[in-house]
Structure formats: structure tokens, C-alpha cells
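Student:
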Amino acid sequence: MKGFVLSLRKAKNEDMIVLILTQNSVKTYYRFFGARHSILQLGYFIDFEVEGENGTYLPRLRSLSHLGFSWLFDKNKLLLWHQFIQKLEFHLRDASEIDSFYYALLLDAAKKWDRQNPKRIVCESYMELLAYEGRLDGSEYCFICEERVADEIALMQGFKVAHPHCIYAPSLPTKKILDALKMRSTIFLEDFEVSYLYEVIMKGF
Numbered sequence: 002m003k004g005f006v007l008s009l010r011k012a013k014n015e016d017m018i019v020l021i022l023t024q025n026s027v028k029t030y031y032r033f034f035g036a037r038h039s040i041l042q043l044g045y046f047i048d049f050e051v052e053g054e055n056g057t058y059l060p061r062l063r064s065l066s067h068l069g070f071s072w073l074f075d076k077n078k079l080l081l082w083h084q085f086i087q088k089l090e091f092h093l094r095d096a097s098e099i100d101s102f103y104y105a106l107l108l109d110a111a112k113k114w115d116r117q118n119p120k121r122i123v124c125e126s127y128m129e130l131l132a133y134e135g136r137l138d139g140s141e142y143c144f145i146c147e148e149r150v151a152d153e154i155a156l157m158q159g160f161k162v163a164h165p166h167c168i169y170a171p172s173l174p175t176k177k178i179l180d181a182l183k184m185r186s187t188i189f190l191e192d193f194e195v196s197y198l199y200e201v202i203m204k205g206f
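Residue numbers (the working numbering): 2 to 206.
Written out as C-alpha cells, the structure reads:
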């Protein structure tokens, strides 16, 4: 079985409680002496077997192997990956059985992480997530005052559209941002505009 490590918690002694996103589930597992294993790191993509799936206690991880990516040795890229993983983990915290969309989203992002600007990948992945969940707005009307936005736009958490003065936020060109949301792409955005979107995402999914 393959999956991404979404979170780690220390248990007694050097044992670990591990939350893993697999293709169709988000499940909690127990790993004896997990703190000794470098494979168990936040955001790592691992292959593993499960023991005691139908038992009274937490199922246990065994036969772990790390399916690594070259960018894991780049501290800046790894930090951005951790931030992305943490936001997704919080978003999926109450989930158990899920569609394969989330696993595929992470796997696709991880494969591109060393070839593109990670912040752009996060923004585009988030747009895909919002669209999948039916939450991608793209409206021309302010979420706060419900009046039409003009040439300048601001975005709230969840990429909800607003007037800059309604949320006291920096502004971006309306058409450019709405086109980006429609295409689910940052290709025509400047780096500072991508950073703006990234900071909105970091407020929560």
C-alpha cells in the first residue's frame, strides 16, 4: 500500500501514531519505535504493509520503504511541501474514506515540485481542489457587500472574491485573477501575484 504521511504524533516510549493519506482513505496507524525510523517524516511518500487491520487497537505499520523525490534535499522546497501537507491534513482531519482525487492531487504535485515554482503548484492544486469540491467562486461580485467588483480585486480565504476596501487587503487586477481561477492556472500571473494567492491559501483550505 502507498500513501503520504499527513501527521505524526509521539506515543509512549519511541512509538509513533501516524496519519496516512492513501488512494481511498485517511487512516491512523501505530508504529512501534517509529521515532527511530527516518522514513517516518511529515509529507513523505511511503510504501507499507498493515497488520491488525480488524483488531481492537490501532492497526500497525510494518515493512516500510520510502518512495523519495529528489527535491526533499532542498530545504526551501521541503518547507513549502510541509506547509502544503499541514493545510491538507487539517482539511481532511474528519475524513476517513475519500475519493482518489486527493491522493492523485498530492502525487501530481510531488512529481512537479522540482520542475516548477512550488508556490505555483500549490495555487493551481488548490484551485483544482476548490473546483472538485464545488467551492471555486470566480464570481464578479464581492462576498462582503455583494456589489460588483471593478478593475481591482481582493481574495478572501477559499479564494472568495471581495473588494479590496471591504476586507482591507492589497488589490490585484480583476480580469487577470478571474481568468487564472477560470483556467486553474498561474501561467499568466507574476511571482508577486502568486505569492499573494499563496498567502491566502495558507490561511486555510
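Quick reminder that beta carbons are idealized off the backbone N, C-alpha and C, glycines included.
#1: Alpha carbon to alpha carbon, how far is residue 155 from residue 148? Give it in angstroms, no decimals.
#2: Taking the alpha helix (DSSP H) that residue 126 falls in, what are its first and last residues?
#3: In the DSSP assignment, find the unbroken alpha helix (DSSP H) run with residue 90 in it and report its ends.
#4: Taking the continuous alpha helix (DSSP H) assigned at residue 196, which residues delimit it?
#5: Hey, quick one: how far does the beta strand (DSSP E) through residue 58 stretch, first residue to last?
#6: Rounding to the nearest angstrom, what Cα-Cα distance links residue 1 and residue 60 in this structure?
#7: Please name the residue, chosen from 145, 139, 164, that lies closest to residue 152 on a Cα-to-Cα basis.
#8: Which word fits residue 127, buried or exposed, when buried means at least 16 other C-beta atoms lie within 10 angstroms of its C-beta?
#9: Which whole-angstrom value is the C-beta distance of residue 119 and residue 78, which I expect to be below 8 Å?
#10: Tell me whether residue 107 sits in a helix, a strand or coil according to DSSP, three-state version.
#11: Could you give the C-beta distance for residue 198 and residue 124, rounded to a whole number, given that I count them as a contact under 8 Å?
#12: Quick check on the DSSP output: the alpha helix (DSSP H) that includes residue 184 runs from which residue to which?
#13: Could you check whether residue 50 and residue 2 sit closer than 9 Å to each other, using their CB atoms as the reference points?
#14: From 93, 83, 142, pick the residue whose C-alpha is nearest to that of residue 179; which is it?
#15: In its own chain, which residues sit with a C-beta less than 6 Å from the C-beta of residue 32, not counting the 5 before and 5 after it?
#16: Based on DSSP bridge pairs, tell me the residues matched to residue 66.
#17: Who are the near neighbours of residue 139 in its chain, counting only those whose CB is closer than 7 Å to its CB and skipping five residues on each side?
#18: Buried or exposed, going by whether 16 or more other CB atoms sit within 10 Å of the CB of residue 28?
#19: Assuming residue 7 contacts residue 86 under a Cβ cut-off of 8 Å, what Cβ separation, rounded to an integer in Å, is found between them?
#20: Answer with buried or exposed for residue 1, where buried requires no fewer than 16 other C-beta atoms within 10 angstroms of its C-beta.
Tutor: Working from what's here:
#1: 13 Å
#2: 119 to 133
#3: 76 to 92
#4: 192 to 202
#5: No beta strand (DSSP E) holds residue 58; DSSP gives it neither H nor E.
#6: In the structure displayed, the chain extends from 2 to 206; residue 1 sits before or after that span and is not available.
#7: 164
#8: buried
#9: 6 Å
#10: In the three-state scheme derived from DSSP, where H, G and I count as helix and E and B as strand, residue 107 is classed as helix.
#11: About 5 Å separates the two Cβ atoms, so the contact holds.
#12: 175 to 184
#13: yes
#14: 142
#15: 17, 19, 62
#16: 48
#17: 179, 182, 183
#18: buried
#19: Yes, residue 7 and residue 86 are in contact; Cβ-Cβ is about 6 Å, under 8 Å.
#20: Nothing about residue 1 can be read from this structure; the chain reaches only from 2 to 206.
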